[in-house]
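Q: I have a structure I would like to understand better, so I am pasting it below and will then ask my questions one at a time.
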Amino acid sequence: MLFPVLALIPATRTEPSSLLKLLAGEFAAQVAATWPEPHAAFLAAPAARRHLTCLALALGRDLPPIAERLLGGRLRHAIRLVLDPAPSGLERLLGRLGELAWDAEDYRTLLRLLAQRAPAKVLRHAQQVEPGAVRRLAGLPEPMGEAVGLALELTAEGVLVLREAYDALRLRDGPEAADVAASGWARAGSGKALFEAVRDDLTPEPLAPPHAGTTHLRPLRSKAELREAARRYRNCLGDRLSDAATGWQAFYEWEGPPGAIIGIQRDPIFGWRLEEARVGGNGAVPEAAREAIVSELALMGVHVGRSGWRLERLLRDDVGRGYRYWPPSQDVAEAFGDED
């Protein structure tokens, strides 16, 4: 009875072991079919040889005919069995990819990067290369191909957002303009500077201010003027560029003294109205200067008082009951920076 039972037991098992699954990842089944359990030849091989084997599988090479030579002999000769000619630096790089197999697409992406001058130079000199870095390098917009340092500084999500911004520029301004912008991004000195440059290119120039200004009210007509004023007044005006770009708001500088930034906003009832006025550091405008500002805003036809939408909200039967009434003077004081 013993012999029939033994006949049912295969001489070798081609199912990958847990260790092989860990080291070979998605290639474990193919590796196990070539080196059955205990997969000793593959598991005992240096990491560079294991990566070369997985790279061969990622490229669709037939493994059994070359399996023995991939794990033995000189590494450069083994590489030629998979890639001939091979990218410069691949031999050294194979030993710096870590212990675990990469995904097939990551191997193929690595080869594409090694064919590009700037990424290849960085990869060849790296002490350790991980798949995430390769994906970030490959995710850069094409005109940023040499901005390797920036790519390695960014998170994976940062690269995705960068690509999204680049595609948005292509859609809005056309491929040529997007490429010019991305070439400028590549020269940013840090990730922070990079994203500042991207936001700047995404934001159009402000629409023309609705009024030419007065003796003491000077319109801020460009992104550069808005940013320069934000620097001088130490406020968040630089974050309001999108409001100016859509024409929802326009900004003026009151030349004082004291100087102040005046923001006017579209209003469904009054056309344009004073939204806010602030001196340096977002401080409230002194009482002594308010009357002069109101007078010159009136010359431009700008309403100073309650907004149309607040007036509309007060015109409900709950005013004075569930909804508090306040005088228009309170809205004016708020616009000039007074606290409640």
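Heads up: the sequence shown at position 224 corresponds to 224 in the working numbering, and the numbers run straight through without jumps. Each residue gets a CB set at the ideal place from its N, CA and C atoms; glycine is no exception. Keep in mind the model is a prediction, meaning the values are calculated, not measured.
#1: Here's a check: name, in chain order, each residue in its chain whose Cβ is nearer than 8 angstroms to the Cβ of S183, leaving out the five neighbours to either side.
#2: Starting from the C-beta of R69, find all residues in its chain whose C-beta is less than 8 angstroms away, skip the five residues before and the five after it, and write them out in chain order.
#3: Could you please give the first and the last residue of the uninterrupted beta strand (DSSP E) stretch that includes D267?
#4: Using CA atoms only, rank isn't needed, just tell me which of L202, H216, R316 is closest to A298.
#5: Let me check understanding here. Comparing Cα to Cα, which of G301, L90, E153 lies closest to I341?
#6: Thinking just about the alpha-carbon of each residue, which of P286, E296, R321 is nearest to the one in E334?
#7: Could you please give the first and the last residue of the uninterrupted alpha helix (DSSP H) stretch that includes Y233?
#8: From the DSSP output, which residues share a beta bridge with G271?
#9: Less than 9 angstroms between the beta carbons of P219 and D179, yes or no?
#10: Roughly how far, in whole angstroms, is the beta-carbon of V332 from the beta-carbon of G305, given that I think they are within contact range, below 8 angstroms?
#11: Can you tell me which of the three DSSP states L20 falls into?
#12: Determine the direct distance from the alpha carbon of A41 to that of V159, and round the result to whole angstroms.
#13: Within the same chain, show all residues whose beta-carbon is closer than 7 angstroms to that of L137, passing over the 5 residues directly before and after it, in chain order.
#14: Could you check what DSSP says for P219 in three-state terms: helix, strand or coil?
A: Considering the structure as presented:
#1: Taken in chain order, the residues that qualify are P143, M144.
#2: Same-chain partners within the cutoff: H77, A78, L81.
#3: Unbroken beta strand (DSSP E) run through D267: 260-267.
#4: Answer by Cα proximity: H216.
#5: What is shown of the chain runs 1 to 340, which leaves residue 341 out entirely.
#6: Here the closest residue by C-alpha is P286.
#7: It spans 223-233 - the alpha helix (DSSP H) in which Y233 sits, taken as one unbroken run.
#8: DSSP lists D267 as partners of G271.
#9: For the pair P219 and D179, the CB atoms are not nearer than the 9 angstroms cut-off.
#10: Rounded to the nearest angstrom, the Cβ distance from V332 to G305 is 6 angstroms, consistent with a contact under 8 angstroms.
#11: In the structure shown, L20 sits in a helix (DSSP, three-state: H, G or I).
#12: One C-alpha to the other measures close to 39 angstroms.
#13: These residues qualify, in order along the chain: L113, P119, V148, A151.
#14: Per DSSP, reduced to three states, the secondary structure at P219 is strand.
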